[in-house]
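Accompanying notes for the structure given below.
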Amino acid sequence: MNIPQALDPIASAREALDDAVLDSKVFANETTLIVRRQDVARVARFLRDTSGLVYNYLSDISAVDYHPEVRGPEGDGRFAVSYHLYSMLYNRRLRLKAFLPEDDPVVPTVTVLWQAANWLEREAFDMMGILFEGHPDMRRLLMPADWDGHPHRRDYPLGYETIMFSFNKDEINQHKPYAKKD
Amino acid sequence: MAITPVAQPTESVAKWEGSVEELRGLVSDRAMTGETLLLNMGPHHPSTHGVLRLLLELDGEQIVTCMPDIGYLHTGIEKNIESKTYEKGVTLTDRMDYLSPMSNNMVYCLAVERLTGLDVPERAQAIRVICLELARIASHCVWLGTHALDMGAMSVFLYAFREREFILDMFEMLSGQRMMGSYFRPGGVWRDLVPEFLPALEKFVDFMPAKVGDYESLLVSNPIWIDRTQGIGVVEPEEALNLGMSGPTLRASGVNWDIRKAEPYSGYDRYEFDVPLGEHGDVYDRFFVRMQEFRQSIRIIKQAMKALPGGPFRSQNRKFVPPPRAELGQSMEAVIHHFKLWTEGFSAPDEEVYVSIESPRGEIGCYLHGTGDNKPRRVHFKTPSFMHISALGAMSKNHMLADLVGIIGSIDCVLGDSDR
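Protein sequence lines correspond, in order, to chains Z and B. In this text, residue positions in the first sequence follow numbering that gives the first Met the number 0: the first is 0, and each later residue adds one. In this text, residue positions in the second sequence follow numbering that gives the first Met the number 0: the first is 0, and each later residue adds one.
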């Protein structure tokens, strides 16, 4: 089988989509490509469909919260979303990363590229409150539908759920509009 | 004789107050008019392998839509690890995929080791490989037993659990615990192999191939088993990759991707083994691939046992690994290290890593972001069960309700793994 020569992902992405690529970084042999958040889907499509790159497998989508700091090339990124891509043909990985501001944590969805992104994006929404524009089914996944807040944010305290007894069940039910009442 | 009248529903009988409208766009339009039936399956159903809830839209007995609903076993493990030092996080990872806690320990330890640049001695790497492959066999035993039980083959369950029990006893020798051992630690393993472990392991690799032969003789060419599994839940290779499948479930579709081969960790490149592949991507092929993996795991264990290197079982880097107890009486420095590591722990840089390994179920990945301090900023686990359950809808479309039970069994899902 004739396999095309592997390309350097950073150089070719910079060349083809110069305005979208903001920065790149290598730590512990892991390459990170930092992109403008509105271009995530465009860059992902480029990385998946260009011969010589073919990052055809979406391993993971993880979100991270830098609270109380803000980071990123634009200096307003409280959150970051990392897409871990894997190229089966060239056996290498790439991290695509976008920083999102606190007041508008929105990125375009990549469910059109990989169906695997569906639940991973729902999880990021549920746990970190990041919205994926164009996602077909943006509901909570792990937490109950009536849950307040997004537990994996750094300003969300590590707590516990109050155990329900007959003396406090009315008070607890007030916070749970979907819970069954008798 | 008086006939008791049939009870009529009264106002006090609880009625479902939810609206079908909430499901518009998720189920077909035929469900809106009541032409198809919406049926709830689970979360407590014997064939859902934990607390998986499925909302099914049925046309007669045929599945039109299958919507998995998870989260019933969500315990906030990722959030909890953020509040603990790196070494304490290991105990929490045990509780994710409770059928192979060793794989979870492994991926977390590898992530910590990559983030901090910590070395792992060769003996520890070989011990880890032995434990991981034992965990794979134990996990496959549970899968085989429950999968066959779901399909009505009762006796396989009893045999498979008997062999699993032997492996759990060996884990108890090593770590003091049958399941949640937390045996792997950053930099190696908790303690060296105990003297009675290797004889037990030798006995195990001697008798296990014959037991795998027993399982095979019960199922592989059993006409009832073949009737119920062949051609069911077919996934094409491209679709499988698109759905994010991995592990035996992906390899049954004919995609040759095993992380042990592609990106060897813990010295897997030193051992010779084959990667079994399927052809059709149906329930039977997923079953057959796992059956062959039993033998490959035994093969790896035999090689690792034979070439077990000597030397330390844990890194000698005292900034990360506490000194042995005996040193404390003689060295002031050892006392300081001991105190620092058990109170404050070690620090990791403010960077991020993503490590993935081949768990019995598929690719388990750990995304770890440090803070520069002794606790991580974020830990995220990409788990195979999560991806496979999300693919259930696509796999079970247009199948009969009874076949769904087989499909769930064939993806080998563990709900602790998917909900974390």
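We treat Cβ as the ideally placed atom computed from N, Cα and C, and that holds for glycine.
| field | Z/D94: contacting residues in chain B (beta-carbon distance under 7 Å) | value | The sequence shown places Arg at residue 94 of chain Z, rather than the Asp named in the question. Y353, listed in chain order.
| field | For B/G70 and Z/P143, the rounded distance between their alpha carbons | value | 8 Å
| task | At 4 residues or longer, and completely inside the region 57-109 of chain B: list those alpha helix (DSSP H) runs for me, N to C. | result | 76-80 and 88-92
| message | Using the three-state DSSP reduction, which class does B/A209 fall into: helix, strand or coil? | response | helix
| Backbone CA spacing between Z/R153 and B/T228 [nearest angstrom] | So the alpha carbons of these two residues sit roughly 47 Å apart.
| said: Could you check whether the Cβ of B/G186 sits closer than 8 Å to any Cβ belonging to chain Z? | reply: no
| field | Exposure of Z/Q4, with buried meaning 16 or more beta-carbon neighbours within 10 Å | value | By the Cβ neighbour-count rule, Z/Q4 is exposed, with fewer than 16 other Cβ atoms within 10 Å of its own.
| Neighbour-count burial assignment, Z/I162, 16 or more Cβ in a 10 Å radius | exposed
| task | Would you mind sorting B/A110 into buried or exposed? The rule is 16 or more other CB atoms within 10 Å of its CB. | result | buried
| message | Nearest by alpha-carbon distance to B/F286: which of B/W189, B/F165, B/D205 and B/W224 is it? | response | B/W224
| field | Alpha-carbon to alpha-carbon, B/A251 and B/L117 | value | The straight-line gap from Cα to Cα measures roughly 36 Å.
| Alpha carbon to alpha carbon, how far is B/K396 from B/H387? | 15 Å
| Among residues of its own chain, excluding the 5 on either side of Z/V25, which ones have a beta-carbon nearer than 8 Å to its beta-carbon? | T31
| task | Would you please verify whether the beta carbon of B/G243 is less than 8 Å from any beta carbon of chain Z? | result | yes
| said: Let me make sure I understand the geometry here. Which of B/D28, B/V334, B/N79 and B/I80 has the alpha-carbon closest to that of B/V63? | reply: Ranking the options by Cα distance to B/V63, first place goes to B/D28.
| In DSSP terms, what B/N39 is bridged to | Paired residue(s): B/L54.
| task | Give me whichever residues DSSP pairs with Z/K24 in a beta bridge. | result | Z/T31
| query | Between which two residues does the beta strand (DSSP E) containing Z/V63 stretch? | reply | Y56 to D64
| request: Return the chain-ordered ranges of every beta strand (DSSP E) run that is complete within the region 59-135 of chain Z and spans a minimum of 3 residues. | output: 76-86, 91-100, 105-107 and 130-132
| message | Along the region 383-414 of chain B, where does the CB come closer than 9 Å to a CB of chain Z? Name the residues. | response | F385, M386, I388, S389, A390 and A393
| message | Please classify Z/N117 as buried or exposed, where buried requires at least 16 other C-beta atoms within 10 Å of its C-beta. | response | buried
| Along the chain, where does the alpha helix (DSSP H) that runs through B/F420 open and close? | Any question about residue 420 of chain B goes unanswered here, given that chain B covers just 0 to 419.
| task | Could you work out which residue in B/G41, B/R259 and B/G253 is closest to B/G277 when comparing CA atoms only? | result | Ranking B/G41, B/R259 and B/G253 by CA distance to the CA of B/G277 puts B/G253 first.
| said: Give me the residue from B/R376, B/F380, B/S417 and B/I407 with the minimum Cα distance to B/Y85. | reply: B/R376
| request: Return helix, strand or coil for B/R135, following the three-state DSSP convention. | output: helix
| field | 7 Å CB neighbourhood of B/H139 in its chain, flanking five on each side removed | value | R289, E292, F293 and P359
| query | Which partner residues does B/I363 have in the DSSP bridge list? | reply | B/I356
| Are the C-beta of Z/P150 and some C-beta of chain B separated by less than 8 Å? | yes
| request: Could you confirm whether any beta carbon from chain B is found closer than 8 Å to the beta carbon of Z/A184? | output: As shown, chain Z starts at 0 and ends at 181. That puts residue 184 of chain Z outside it, with no answer to give.
| message | So that I know if they touch, is there some Cβ in chain B lying closer than 8 Å to that of Z/M163? | response | no
| said: Does chain Z have any CB closer than 8 Å to the CB of B/K381? | reply: yes
| message | Give me the chain B residues within the contact set of Z/H174, using Cβ-Cβ distance strictly less than 8 Å, ordered along the chain. | response | Within 8 Å Cβ-Cβ: nothing; Z/H174 doesn't reach chain B, min ~17 Å.
| Which residue spans inside the region 122-181 of chain B form an unbroken alpha helix (DSSP H) run of at least 4? | You should have 153-174.
| query | Given Z/Y89, which residues of its chain have a CB within under 6 Å of its CB, disregarding the five upstream and five downstream residues? | reply | A5
| For the 8 Å Cβ check, are there 3 or more pairs between the region 141-157 of chain B and the region 404-411 of chain B? | With the cut-off at 8 Å, the region 141-157 of chain B and the region 404-411 of chain B touch.
| For the candidate residues B/G232, B/M172, B/I129 and B/N221, whose alpha-carbon lies nearest to that of B/M399? | B/G232
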